[in-house]
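Worksheet: the structure to be examined is printed underneath.
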Amino acid sequence: MVYEGMDPFLLQLVIIPFIVISLGLLVVWITKKIMLGVITTLLANILLELILYGANLSSWNITFPIVTLIISLLLIMKRRE
């Protein structure tokens, strides 16, 4: 089930990454625990993929948590300066 009114390209490459990475970073900011943010990003992306595309899981399930981890580490290092 794909949302009918939205371009799938835009959804997969802009909207879903923004949502799941932002959610992971929000969890890191609130809890101050990086791994919890990475796990939240992974679970949010898996959930969105299962809801929107059925049983197909993509390589984005590896990419988005890594991006969240890198951004979180950079933010934590900047905060400690």
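Quick note on numbering: this note's numbering labels position 22 of the sequence shown as 22, and the sequence is numbered without any gaps.
Each residue gets a CB set at the ideal place from its N, CA and C atoms; glycine is no exception.
Out of Ile-66, Val-14 and Gln-12, which one is the CA nearest neighbour of Leu-42? Ile-66
For Asn-45, the first and last residue of its enclosing alpha helix (DSSP H): 34-53
Taking the alpha-carbon positions, what's the Asn-56 to Asn-45 distance? 12 Å
Asn-56: first and last residue of the uninterrupted alpha helix (DSSP H) it sits in: From DSSP, Asn-56 is part of no alpha helix (DSSP H); its letter is neither H nor E.
Over the uninterrupted alpha helix (DSSP H) stretch that includes Gly-24, give me the two end residues. 16-31
Please list, in chain order, all residues of the same chain as Ile-71 whose beta carbon is under 8 Å from its beta carbon, the five residues on each side excluded. Ile-21 and Leu-25
Assuming Ile-34 and Leu-69 make a contact with CB atoms under 8 Å, what is their CB distance in whole Å? 7 Å
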